[in-house]
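Structure first, then comments.
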Amino acid sequence: MAAKRKILIAGNWKMNGLKKDARALASGLAKKMKKTERPAFEMLICPPFPLLGLAADAIRGSGVKLGAQDCHAIERGAHTGDTSAGLLANIGCKYVIVGHSERRTDHEETDKQVRAKAGAALNAGMGAIVCIGETWAERKAGKALVVNRKQLKGSLPSGANAKNTVIAYEPVWAIGTGQVATPAQAQEVHAAIRKALIKLIGADEAAKMRILYGGSMKPGNAAELLALPDVDGGLIGGASLNVVDFWGIAAAAS
Ligand code: PEP
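Right, here's the structure in full:
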């Protein structure tokens, strides 16, 4: 029997919003979530670091979960400007996004660093959302599957299992561009990721591990993506910044 995987709808707010925006967005989602009996999805918001505390207050008791967009790979110490996984867990984060393509580009993060950050998230008792994805040039060269397999192998932390790790397939060319992957493109890569996971973590865990799609997901295209056999949710940037769109995507999972 096919494993049942709960859809995860995760919002990556990136470097957007001020206090008032975060309060309105988080409390708007919390209000909707509270009114939803047995939601068919798990909902997560990942605000910028300084807004985490405020967002935690706004979603308390609603079932909406809190996550961060990055963490440092080691526990504590002289790392000015960085944030430890332990502190994130301490203020209520349940997940950390690691290896987002913007971090891989802006901060030249390697698979090895991403793997270490994911490991730090697990050690702190949080879930890691490990992002991978090919560029347009790599896809055009027929290398999409090879690139994703390589990033997956290099970025997956040791001890990863279906409870503590989520994979996010985010084609770089689809992030923030409005150019969404077709259902066939998304399913092909998701199925290849799941197959690769069998070798890495075993068939049982691979069948249970959630693989999110990210890249210009909107209420209008979410239903067909979320209905694909190996798509278990979305990592959403732009459309996670307003209640109507983000909730619209979640509703498409129901
Ligand atoms: C993202 O930042 O992870 C993302 C998928 O962004 P967008 O939804 O805006 O493409």
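Here the working numbering = 1-based position in the sequence shown + 1468. Glycine is no exception: its CB is placed at the ideal position from the N, C-alpha and C atoms.
Let's test the definition: count the other Cβ atoms within 10 Å of the Cβ of residue i and tell me whether it reaches 16, buried, or not, exposed.
i: Arg1617; result: buried
i: Gly1593; result: exposed
i: Asp1713; result: buried
i: Ala1628; result: buried
i: Met1501; result: buried
i: Ala1602; result: Inspection of the sequence shows that residue 1602 is occupied by Glu rather than by Ala. By the neighbour-count rule (16 or more Cβ atoms within 10 Å), Glu1602 is buried.
i: Lys1580; result: exposed
i: Asp1525; result: exposed
i: Asp1455; result: Outside the modelled stretch of the chain, which goes from 1469 to 1722, sits residue 1455, for which no answer is possible.
i: Gly1646; result: exposed
i: Met1511; result: buried
i: Glu1638; result: buried
i: Glu1543; result: exposed
i: Ser1626; result: exposed
i: Asp1574; result: exposed
i: Ala1508; result: exposed
i: Glu1505; result: exposed
i: Gly1585; result: Strictly speaking, residue 1585 in this sequence is Lys, with Gly absent from that position. Buried, by the Cβ-count rule.
i: Pro1518; result: exposed
i: Ala1707; result: buried
Can residue i be considered in contact with the ligand PEP, in the sense that its beta carbon sits closer than 6 Å to one or more heavy atoms?
i: Ile1679; result: no
i: Ser1684; result: yes
i: Leu1693; result: no
i: Asn1616; result: no
i: Ile1717; result: no
i: Asn1480; result: yes
i: Gly1560; result: no
i: Ile1600; result: no
i: Leu1512; result: no
i: Leu1476; result: no
i: Leu1703; result: yes
i: Ile1542; result: no
In the DSSP assignment, find the alpha helix (DSSP H) that holds residue i and state where it starts and stops.
i: Ile1739; result: Within the shown structure, residues of the chain are numbered from 1469 to 1722, placing residue 1739 beyond reach of any answer.
i: Arg1572; result: Ser1569 to Asp1574
i: Ala1652; result: Pro1651 to Ile1669
i: Leu1693; result: Pro1687 to Leu1694
i: Leu1613; result: Ala1612 to Ser1623
i: Gly1587; result: Asp1579 to Asn1591
i: Arg1607; result: Trp1604 to Lys1608
i: Val1712; result: Val1711 to Ala1719
Taking residue i as part of the beta strand (DSSP E), name the residues at either end of that continuous run.
i: Ile1559; result: Here Ile1559 belongs to no beta strand (DSSP E), and DSSP marks it neither H nor E.
i: Gly1702; result: Gly1701 to Ile1704
i: Ala1707; result: Counting along the chain, Ala1707 falls outside any beta strand (DSSP E), and DSSP gives it neither H nor E.
i: Arg1678; result: Arg1678 to Gly1682
i: Gly1601; result: That residue, Gly1601, is in no beta strand (DSSP E); it is neither H nor E in DSSP.
i: Ala1636; result: Thr1633 to Tyr1637
Give the C-beta separation of residue i and residue j to the nearest angstrom, bearing in mind that I take them to be a contact with Cβ-Cβ under 8 Å.
i: Ala1612; j: Val1657; result: 6 Å
i: Ala1596; j: Asn1632; result: 7 Å
i: Val1634; j: Leu1680; result: 6 Å
i: Gly1535; j: Lys1499; result: That pair is no contact at about 20 Å.
i: Leu1696; j: Gly1702; result: About 11 Å separates the two Cβ atoms, so there is no contact after all.
Would residue i count as contacting chain C if we go by Cβ distances under 7 Å?
i: Gly1683; result: Among the protein chains of the structure shown there is no chain C, as only one such chain exists.
Runs of beta strand (DSSP E) lying entirely within the segment 1479 to 1547, each at least 3 residues, in chain order: 1509 to 1514 and 1533 to 1536
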